[in-house]
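Here's the structure, in structure tokens; my notes come after.
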Amino acid sequence: MSEQNGFTWEIDVPLLSNRWMWLDWAKVLGWTYLIMTGLMALIFAASGDAADVLPFLWIFALVVGGLALFGLLVMGLFFGNRYRMRFTVSEEGVLAQTLDRRAKFVNRLPVGGAALIAQSREEESFPWQAVATAHPYPRQNVVILRNRWRRLMILHCPSQDFPSISAYVQERLREEGVAVRSQRNPLPLRLLWTALAVLACLPLFSMPYPLELDLFLPILLVCFALATVWLSRFMGVVVLGATLYAIIITLVGGFQVRQAEFFSSLGSYTAFAWMDPGEWAQLALTLAGLLLLSFLSIQALRGRLPSMLEQDASGE
Numbered sequence: 044m045s046e047q048n049g050f051t052w053e054i055d056v057p058l059l060s061n062r063w064m065w066l067d068w069a070k071v072l073g074w075t076y077l078i079m080t081g082l083m084a085l086i087f088a089a090s091g092d093a094a095d096v097l098p099f100l101w102i103f104a105l106v107v108g109g110l111a112l113f114g115l116l117v118m119g120l121f122f123g124n125r126y127r128m129r130f131t132v133s134e135e136g137v138l139a140q141t142l143d144r145r146a147k148f149v150n151r152l153p154v155g156g157a158a159l160i161a162q163s164r165e166e167e168s169f170p171w172q173a174v175a176t177a178h179p180y181p182r183q184n185v186v187i188l189r190n191r192w193r194r195l196m197i198l199h200c201p202s203q204d205f206p207s208i209s210a211y212v213q214e215r216l217r218e219e220g221v222a223v224r225s226q227r228n229p230l231p232l233r234l235l236w237t238a239l240a241v242l243a244c245l246p247l248f249s250m251p252y253p254l255e256l257d258l259f260l261p262i263l264l265v266c267f268a269l270a271t272v273w274l275s276r277f278m279g280v281v282v283l284g285a286t287l288y289a290i291i292i293t294l295v296g297g298f299q300v301r302q303a304e305f306f307s308s309l310g311s312y313t314a315f316a317w318m319d320p321g322e323w324a325q326l327a328l329t330l331a332g333l334l335l336l337s338f339l340s341i342q343a344l345r346g347r348l349p350s351m352l353e354q355d356a357s358g359e
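The sequence shown begins at 44 in my numbering and counts up by one.
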């Protein structure tokens, strides 16, 4: 521990008694439940069996509850309710490093992308210019650093050094953390684009006969449209390709000449020729949604709408 050039300390971070850990775990499980049940609700609603989704809601609730119990056992038995970390606050910024050998062992298990993400988070650092606010919690000896819209880091401090560390962090923010506080919160715009993307995809699930789309296509569009907004703007390439494909097969299906099977006197016909005003309105909503998705993707690919993850990583 050094006050002249900042502070460096090692500490055992509590797990089961850590309310911020439980809040993060609840967010992960909650979003998992909402995303999975939302997709299932869309699938069942599109197939006309919306009432059948209720048993799956209970099944997913039991799965999420099982994951919560499993997490409790892992934190209590495997980690022993302790997680060893090293923190550094200096003129350059803040640094958090994982020292716990059990955590590093788990992070290196061959479980694909999850392991890579976990390994990348074993050492996290932020300059003061990326920090908007610092909230001290003296009872828990914790200082929480936030940017414009989310929590960046939790500094778990030794009780005897908490006042000095908290004062040092506040002083560094007053001197260097000005730029990010003057910027607007990007979350409302991303929530708006999320709502528009979902609304744009909804008409695809109920196209009039015989122009119905394969269920895979609207689900693909929903997933990649949301990924464009939140994860990577380059996901917009898939959205553009899928929207173009949907428009082409709709036009081909609408102009395709068909033979009447039960009323031979009608001869041949096209789907567009037999659509009523309600079906035309539904088709117009579908095409409007596809155009909106295309606009969203083009704006993202041109850099005018970077994903939330990309904008947060760049600190813009």
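Glycine included, C-beta positions come from ideal geometry on N, C-alpha and C.
As the structure is a prediction and not an experimental result, all values here were calculated from the model.
CB contact flag (residue i, residue j, <8 Å)
i: Met250; j: Leu256; result: yes
i: Leu352; j: Trp236; result: no
i: Pro261; j: Phe277; result: no
i: Val56; j: His199; result: yes
i: Phe169; j: Val212; result: no
i: Thr80; j: Leu100; result: yes
i: Ala177; j: Asn190; result: no
i: Trp52; j: Pro201; result: yes
i: Pro231; j: Gln354; result: no
i: Leu239; j: Leu335; result: yes
Classification of residue i by the beta-carbon crowding that lies within 10 angstroms, buried from 16 upward
i: Phe50; result: buried
i: Ser340; result: buried
i: Asn323; result: Residue 323 is actually Trp in this sequence, not Asn. Trp323 comes out exposed.
i: Phe121; result: exposed
i: Ala139; result: buried
i: Pro16; result: A query on residue 16 cannot be resolved here, the shown segment of the chain reaching from 44 to 359 and no further.
i: Tyr126; result: buried
i: Val117; result: exposed
i: Gly346; result: exposed
i: Phe259; result: exposed
i: Ala289; result: buried
i: Phe205; result: buried
i: Leu254; result: buried
Residue i - partner residues in DSSP beta bridges
i: Gly346; result: Bridge partners of Gly346: none, in fact.
i: Tyr126; result: Val56
i: Glu167; result: Ala139
i: Arg189; result: Thr176, Arg194
i: Val132; result: Phe50, Val137
Separation of residue j from residue i, as counted between CA atoms
i: Glu167; j: Glu219; result: 19 Å
i: Arg233; j: Val300; result: 43 Å
i: Ile54; j: Val71; result: 25 Å
i: Leu142; j: Asn124; result: 15 Å
i: Gly155; j: Leu195; result: Any reading at Gly155 must be qualified, since the residue scores a pLDDT of 40, below 50, and its modelled position is unreliable; the value itself is stated next. If I take the Cα positions, the gap works out to 25 Å.
i: Ile292; j: Ser60; result: 56 Å
Practice item. Would you mind listing the beta strand (DSSP E) stretches within the segment 259-328 that are 3+ residues and don't spill past its ends, in chain order? Key: 300-302, 311-313
Exercise for review: Identify every run of the alpha helix (DSSP H) within the segment 215-257, keeping only runs that are complete inside it and at least 4 residues long; order them along the chain.
Suggested key: 230-244
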